[in-house]
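J.: Please read through the structure below; I'll follow up with questions.
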Amino acid sequence: MSASLADLQSMFQDRLLRADDAIDPHLANGGPFMKAYDHAYRARLIEILTEDFEGLHLLLGDEQFFKMLGEYVDAHPSTTRSVRWLGRYLPDWLKNSENWGKHPELASMAAFEWMLGLAFDAADARLVGVETMTRVPPEAWPMLTFTFHPSLHTATLDFDVSAFYRAAKAGVDPDGPPIPYDATVTWAAWRHPEDLIVMYRFMEKDEAMALDAAQKGITFDGICEIVAGHTDADEAAVRAAGLMKGWVDSGWLIGIDAEGMSW
Amino acid sequence: MTLQGFGLGLRPQHFPEILGDDPNAADGVDWFEIISENFIGVGGPPLHNMMAVRERFPMVMHGVSLSIGSTDPLDGNYLKGLKELADLVEPELISDHLCWTGVHGLNMHDLLPLPLTEESAEHVATRVMRVQDVLGRRFMLENTSTYVTFEEDEMTEWEFLSEICRRADCDILLDVNNIYVSGFNHGFSMEAYLDGVPTDRVKQIHLAGHEHNGDYIVDTHDEPVPDYVLDLYAKAVKRFGHVPTMIERDANIPPFAELVRELKGVRLIAERELDMVPA
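As you go down the protein sequences, you meet chains A and B in turn. Residues 590 to 852 (this note's numbering) make up the first sequence, in order. Residues 30 to 308 (this note's numbering) make up the second sequence, in order.
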């Protein structure tokens with residue numbers, strides 16, 4: 590009853606994922622210490638996720654937090670080489686979960702924390718400076734497209750979780766629960782170019798829409814149109830240019846291009 | 030340059046001491062080992078700090094998710110990332126484990142045991158050759174701690190390891206703690222393991238602590254290296270001579286100075302066994 594390497598590995602993995610016992614006859618002496626693998630799989634993944642979601646942990650408390658993570662690990666076995674990415678589906682999974690979705694502040698907290706984690710160790714890239722913008726000829730501006738630093742990430746939230754998160758990180762009691770927004774608000778997180786610390790702030794609606802468009806490759810002209818929907822048409826270009834300068838000052842931009850030209 | 034001396038696993042908790050104002054903080058540490066996956070495709074503080082250490086110390090790279098024994102195809106993206114990291118770090122040595130970590134596109138993030146068969150040996154050896162080709166470097170396989178063996182096994186673990194390395198022409202990262210853990214769990218002779226491994230292929234040694242549960246041991250890396258593992262290390266030094274040796278500590282991580290002290294104890298054992306004059 591000798592099994593192939595492929596079959597043994599399938600059976601072994603099914604044991605870890607679903608407690609399937611097909612591998613048992615293939616374990617020498619009945620595999621008395623198989624429990625070391627059984628236990629390690631979920632424990633390791635939950636330990637990693639616990640480090641990534643301190644705010645969520647404080648929101649839920651130990652019992653509910655670990656129950657939730659156990660359900661998540663079962664729903665999303667890892668498909669990546671690094672444990673770094675285990676939590677990438679957690680915000681959406683929480684939002685769409687029949688049980689956890691009843692508490693939308695959970696998905697907001699998870700999205701917020703995941704965004705900060707992405708900003709922390711995203712790849713490095715050379716920034717565009719303010720002087721670069723001054724070199725762009727005026728006639729090129731309408732067709733400009735923008736490339737953003739890998740550390741810049743956004744999250745659109747139903748709750749303001751920032752104060753609660755800061756309390757969790759500091760290990761102090763929060764002043765109160767996360768506060769629901771009347772309408773969703775988009776936050777941005779990025780890494781400070783010199784200090785390498787993670788910065789974050791919320792964006793006004795027009796900036797969030799402009800950034801989203803710019804990240805999708807919409808030209809400066811198109812971004813002005815989006816901004817014009819939120820302000821006086823005459824001021825749209827000024828507002829859009831102001832946003833660009835703010836993005837450059839914050840270290841968000843790594844490329845400015847137009848029709849085959851780069852600055 | 031050939032790697033020499035004694036090293037530690039580089040852990041983020043110790044960056045402030047290693048890179049701090051005290052120039053003697055890492056006295057007695059000749060090199061550091063990084064976990065490859067922690068630096069593939071990342072930037073920011075982790076990469077910045079690691080490279081600051083690299084500027085001052087030789088470094089080796091140690092992976093945990095190559096999954097060399099999996100029947101899934103080798104992950105080309107992972108190998109590409111590993112090569113890019115190796116080109117950046119220029120490690121003295123590069124290694125991963127003789128194990129598999131998942132199939133069907135999943136990763137269990139554990140070092141899972143291989144059946145010790147001719148089929149497995151040929152499968153792994155073929156893949157190691159491919160990895161060495163992609164990396165353009167010699168590669169080391171490390172023996173893992175295991176908690177089960179298979180009815181299908183056709184050879185001892187040391188025969189399995191040695192045969193793969195012979196076929197693939199690769200080297201061995203010998204984990205003395207893992208020999209102890211697996212020897213205890215499966216009842217094989219740890220000395221026979223040492224005697225069964227070819228001396229010319231062992232290029233690095235790992236030491237670590239573990240969790241002893243009475244009837245079985247789990248490789249946890251959360252305690253100092255126990256004396257009985259150091260005794261086995263002394264036997265390894267006698268057989269393999271001076272091989273670059275390091276302590277792994279991945280949990281319950283103590284202050285850096287404590288690990289430096291523990292490493293000095295390891296150095297004394299090697300010097301005693303080799304009758305070396307302390308530097």
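Note that the Cβ used here is the ideal one computed from N, Cα and C, for glycine as well.
(1) Answer yes or no: do G34 of chain B and D59 of chain B have a C-beta to C-beta separation smaller than 8 Å?
(2) If we define contact as Cβ-Cβ less than 8 Å, is Q653 of chain A a contact residue for chain B?
(3) Note down, one range per segment and in chain order, each alpha helix (DSSP H) of at least 4 residues found wholly within the segment 237-282 of chain B.
(4) Taking its Cβ as the centre, do 16 or more other Cβ atoms sit within 10 Å of L679 of chain A, making it buried, or is it exposed?
(5) Within its chain, find whatever has a CB closer than 6 Å to the CB of K267 of chain B; leave out the 5 residues flanking it on each side and keep chain order.
(6) Measuring CB to CB, does E148 of chain B end up less than 8 Å from S686 of chain A?
(7) Any residues in the segment 60-82 of chain B with a beta carbon nearer than 8 Å to a beta carbon of chain A? Which ones, in chain order?
(8) How would you call F656 of chain A, buried or exposed, if buried means at least 16 neighbouring beta carbons within 10 angstroms?
(9) Identify every residue that forms a DSSP beta bridge with T736 of chain A.
(10) With contact counted as at least three CB pairs below 8 Å, one residue from each stretch, are the segment 805-824 of chain A and the segment 92-100 of chain B in contact?
(11) Under 7 Å, CB to CB, which of the residues in the segment 665-692 of chain A have a partner in chain B?
(12) Determine the closest residue to G632 of chain A out of B:Y262, B:H271, B:T249, with distance taken between C-alpha atoms.
(13) So within the segment 637-667 of chain A, which uninterrupted alpha helix (DSSP H) runs reach at least 4 residues, ignoring any that extend past its ends?
(14) Are the beta-carbon atoms belonging to V717 of chain A and V837 of chain A less than 8 Å from one another?
(15) Let me know the secondary structure DSSP gives L127 of chain B once reduced to three states.
(16) From which residue to which residue does the beta strand (DSSP E) around F179 of chain B run?
(17) Which complete alpha helix (DSSP H) runs does the segment 67-119 of chain B hold, if anything under 4 residues is left out?
(18) At a cut of 8 Å, does the segment 117-133 of chain B reach the segment 73-92 of chain B through at least three beta carbon pairs?
(19) Assign K232 of chain B to one of two classes, buried (16 or more other C-beta atoms within 10 Å of its C-beta) or exposed (fewer than that).
(20) Report the neighbours of R607 of chain A on chain B: residues whose CB is nearer than 8 Å to its CB, in chain order.
(21) Apart from the five residues just before and just after H646 of chain A, which ones in its own chain have a Cβ nearer than 8 Å to its Cβ?
(22) Along the chain, which unbroken stretches of the alpha helix (DSSP H) at least 4 residues long are found entirely within the segment 692-732 of chain A?
(23) Taking only runs of the beta strand (DSSP E) that begin and end inside the segment 767-810 of chain A, which ones reach a length of at least 3 residues, in chain order?
(24) Which of the three DSSP states is assigned to G134 of chain B in this structure?
(25) Would you call the segment 218-228 of chain B in contact with the segment 177-191 of chain B, where contact means no fewer than 3 C-beta pairs closer than 8 Å?
(26) Since D200 of chain B sits in a beta bridge, which residues does DSSP pair it with?
(27) With DSSP run on the structure shown, which of helix, strand or coil describes Q42 of chain B?
(28) Quick one, which residues of the segment 124-135 of chain B are near chain A if we go by CB-CB under 8 Å, in chain order?
(29) Can you list the residues of chain B that F622 of chain A reaches, using a CB-CB cut of under 7 Å?
(30) Between D630 of chain A and chain B, is any beta-carbon pair separated by less than 8 Å?
(31) Going along the chain, which residues of its own chain have a beta-carbon closer than 7 Å to the beta-carbon of R83 of chain B, five neighbours each way excluded?
(32) Taking the straight line between their C-alpha atoms, what separation do you get for C813 of chain A and Y770 of chain A?
(33) Using the beta-carbon of each residue, which ones in chain B are nearer than 8 Å to L597 of chain A?
(34) Along the alpha helix (DSSP H) that carries A592 of chain A, what are the first and last residues, could you check?
(35) Can you tell me whether H628 of chain A is buried or exposed, with buried defined as 16 or more other CB within 10 angstroms of its CB?
(36) In terms of DSSP beta bridges, what is A744 of chain A paired with?
T.: Well, looking at it:
(1) The Cβ atoms of G34 of chain B and D59 of chain B sit closer than 8 Å to each other.
(2) no
(3) Segments of the alpha helix (DSSP H) lying fully in the segment 237-282 of chain B: 256-269.
(4) buried
(5) E302
(6) no
(7) E66, N67, I69, G70, V71, G72, G73, P74, P75, L76, H77
(8) Contrary to the premise, residue 656 of chain A reads as Lys rather than Phe in this sequence. When all chains shown are included, K656 of chain A counts as exposed.
(9) A:G844
(10) no
(11) P666, S667, T668, T669, R670, S671, V672
(12) The residue asked about is misnamed: residue 632 of chain A is Ala in this sequence, not Gly. Looking at the Cα atoms, B:T249 is the closest of the given residues.
(13) 643-664
(14) In this structure, V837 of chain A lies closer than 8 Å to V717 of chain A by Cβ.
(15) Coil at L127 of chain B, not helix or strand.
(16) No beta strand (DSSP E) holds F179 of chain B; DSSP gives it neither H nor E.
(17) 73-83, 105-118
(18) yes
(19) buried
(20) Ordered by position in chain B, no residue passes the 8 Å Cβ test against R607 of chain A, which lies about 12 Å from the chain.
(21) T639, F654, A757
(22) Counting only runs of at least 4 residues, the segment 692-732 of chain A fully encloses the following alpha helix (DSSP H) elements, listed from N- to C-terminal order: 693-710, 719-724.
(23) 768-780, 787-791
(24) coil
(25) yes
(26) B:M169
(27) In this structure, Q42 of chain B counts as helix in the three-state DSSP scheme.
(28) W129, G131, V132, H133, G134, L135
(29) Near F622 of chain A (Cβ distances below 7 Å), the residues of chain B are Y176, V177, N214, Y245.
(30) Residue identity differs from the one stated: residue 630 of chain A is Tyr in this sequence, not Asp. Yes, its Cβ sits closer than 8 Å to a Cβ of chain B.
(31) V118
(32) 27 Å
(33) Near L597 of chain A (Cβ distances below 8 Å), the residues of chain B are P144, F179, E181.
(34) Per DSSP, A592 of chain A belongs to no alpha helix (DSSP H) and is neither H nor E.
(35) exposed
(36) A:W776
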